[in-house]
Amino acid sequence: MADRIRLMIATKQFQVGETLPSTRQLGQQLESSFHTVRKAYHILADEGLIRGERGKGFIVERQNTNLDKADRLEVGAEKMRKLLEELIGYGLDESELDELFQEQLSFMDWPDRIESCASIGETDELGKMIAEAIKKEVGVRSRVLNANQYNETVKYDALFVPIQLVNKFREFAEKGRLLPIVYSINPDTLLSIVDRAAIETIGLVTAEDQTIPKIIDELKVSIKFGGSFVAGATYGKSLPLFVREADLILYTAQSAYLVEQKIPERRRIKLEYHISQKSADTIRAELWDQ
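Take 47 as the starting number for the sequence shown in the working numbering and just add one per residue.
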C-alpha cells in the first residue's frame, strides 16, 4: 500500500501541499482496509514524504523520497532481484525479460489526473525516441502513434507533435491539446561522435527501415562528416553485416538489445533525442502547472 501511494505522489496524482484522502476514503478507492492505509501513511511520514497535521490529516511534503541515488539504486536492486528470480523460475530467458520490461514500462497505467498523451513520430521508432526524450526531460509518459494513425488520436487528451507534422494534426486542436515539439539529436551524442578520431565509416542500426533516411538527414545537418554512412535495420536476432567493418556504430533504443550484446562499447554510441527548452516548458505549463 505504501508503494502504491508513493507512486501516486511521485506521478503527481497528489501534489505537494495537498491533503491526502482520509484513510477510509483511500481504502475504499484502493479496495483495502483503512487500517492498512493508516499504516502506509505512517510509513510515508517516517520517510518524510508526507506529514501529519492535527485536525487536517496527512499532507504531501515532497514529490519524491529524500533517498540519495545510492540508496535508491540499492532499494531498486533488491526489489528487481526478487522479481527476476521469480520470473526466471517461470522459464523466462534474458531476451523475454527485456521485452517484457520494455513493454510494461511503455504501457504502464498512470494516474487519471495526468492527461492521456500520445507522441507522434514519422515512424513508430522515431515516435518512441521522441516519447523517451519527453519522459526523460519533463517526466510525462505518452503512448506512441505514427503520422498515419490520425484516427487513433481521438483516444487522447494531448498530442506531442513534431513541428514538421503540426499542420497534418491541426484539426486535433479543436478537441484536445496540440503541443508542437522541436527536437534534435542529443547534443552529448553529437559531441561523442565528433570526438572520435580517424573515423571513416559510420554505421547506423535501427529497428525500422523507414527510420534510416530521417536519422541520416538529421546527422548530415548536425555534424560535418567527410566519411561515409552505411545503414540497415535489425531483422529478427541478426544485425546488418556492415557492423563488422564500420568504425563507429550508431544505434537506436529499439535496436539496443542486439547491438549492445554484440558490439564492444568503444565502437558504439546510442542515439537519443533532446527536446528544446521551449517545448519542455510548454508541456509543463499545459499538463503539470494546472
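C-beta: ideal position from N, C-alpha, C; glycine also. Model, not experiment: these values are computed from the prediction.
Backbone secondary structure at residue i - three-state DSSP
| i | result |
| --- | --- |
| S162 | coil |
| P67 | coil |
| S188 | coil |
| S79 | coil |
| S325 | helix |
| L294 | strand |
| P157 | Reliability of the predicted coordinates at P157 is poor, the pLDDT of 48 falling under 50, and the value obtained from them is presented with this limitation in mind. It is coil, neither helix nor strand. |
| G73 | helix |
| G278 | strand |
Span of the alpha helix (DSSP H) around residue i
| i | result |
| --- | --- |
| F271 | Neither: F271 is in no alpha helix (DSSP H) and is coded neither H nor E. |
| F206 | Run containing F206: none in the alpha helix (DSSP H); it sits in the beta strand (DSSP E), A204 to P208. |
| R127 | K115 to G135 |
| V305 | A302 to K308 |
Through-space distance from residue j to residue i, alpha-carbon basis
| i | j | result |
| --- | --- | --- |
| I227 | L113 | 33 Å |
| S238 | E318 | 12 Å |
| S274 | A244 | 12 Å |
| E132 | A56 | 27 Å |
| R50 | E171 | 31 Å |
| Y87 | S78 | 13 Å |
| V251 | K115 | 32 Å |
| Q336 | T111 | Only weak support exists for where Q336 lies, its pLDDT of 44 falling under 50; the value from the coordinates is given anyway. If you take the alpha carbons of Q336 and T111, they lie about 23 Å apart. |
| V184 | S322 | 11 Å |
| G282 | V106 | 47 Å |
| K221 | I315 | 40 Å |
| I261 | L90 | 45 Å |
| P157 | G122 | Only weak support is given to the placement of P157: the predicted model assigns it a pLDDT of 48, under 50, and the question is left unresolved by the model. |
| M47 | A164 | 29 Å |
| E254 | A279 | 6 Å |
| P259 | E140 | 31 Å |
| V212 | I329 | 15 Å |
| N192 | F80 | 44 Å |
| L37 | L287 | Nothing can be reported for residue 37: it is not among the residues displayed for the chain, which extend from 47 to 336. |
| Q307 | L130 | 20 Å |
| P233 | K270 | 14 Å |
| P340 | Q59 | The structure shown does not extend to residue 340, since the chain is modelled only from 47 through 336, so no value can be given for it. |
| G167 | R223 | 17 Å |
| L72 | F104 | 12 Å |
| D327 | G249 | 34 Å |
| Q300 | V186 | 20 Å |
Selected residue, minimal CA-CA separation from residue i, among the options
| i | options | result |
| --- | --- | --- |
| S162 | G282, L205, L146 and I105 | L205 |
| G101 | G185, D234, T65 and Q59 | T65 |
| F215 | T235, N194 and S230 | N194 |
| P208 | V190, V276 and L236 | V190 |
| R118 | E93, G135, G278 and R84 | E93 |
| K181 | L146, L143 and H320 | H320 |
| G272 | L296, R312, E246 and E178 | E246 |
| L236 | D203, L294 and A277 | L294 |
| A277 | I269, L265 and K270 | L265 |
| S230 | A177, Y196 and S141 | A177 |
| V305 | E254, I258, S284 and L72 | S284 |
| I96 | V240, V62, L333 and K270 | V62 |
| I309 | R290, Q300, A299 and S325 | R290 |
| T298 | I134, K85 and T169 | T169 |
| R312 | D327, R242 and L53 | R242 |
Extent of the continuous beta strand (DSSP E) run through residue i
| i | result |
| --- | --- |
| P233 | Per DSSP, P233 belongs to no beta strand (DSSP E); it is in the alpha helix (DSSP H), P233 to V240. |
| I227 | R223 to I227 |
| R97 | I96 to E99 |
| I321 | Y319 to I321 |
| I55 | Taken as a continuous stretch (DSSP letters only), I55 belongs to no beta strand (DSSP E), being part of the alpha helix (DSSP H) at A48 to A56. |
| L250 | T247 to T252 |
| K316 | R314 to K316 |
| F104 | G103 to V106 |
Test: residue i CB closer than 9 Å to a CB of chain D
| i | result |
| --- | --- |
| E183 | Considering every chain present, this structure includes no chain D. It has just one protein chain. |
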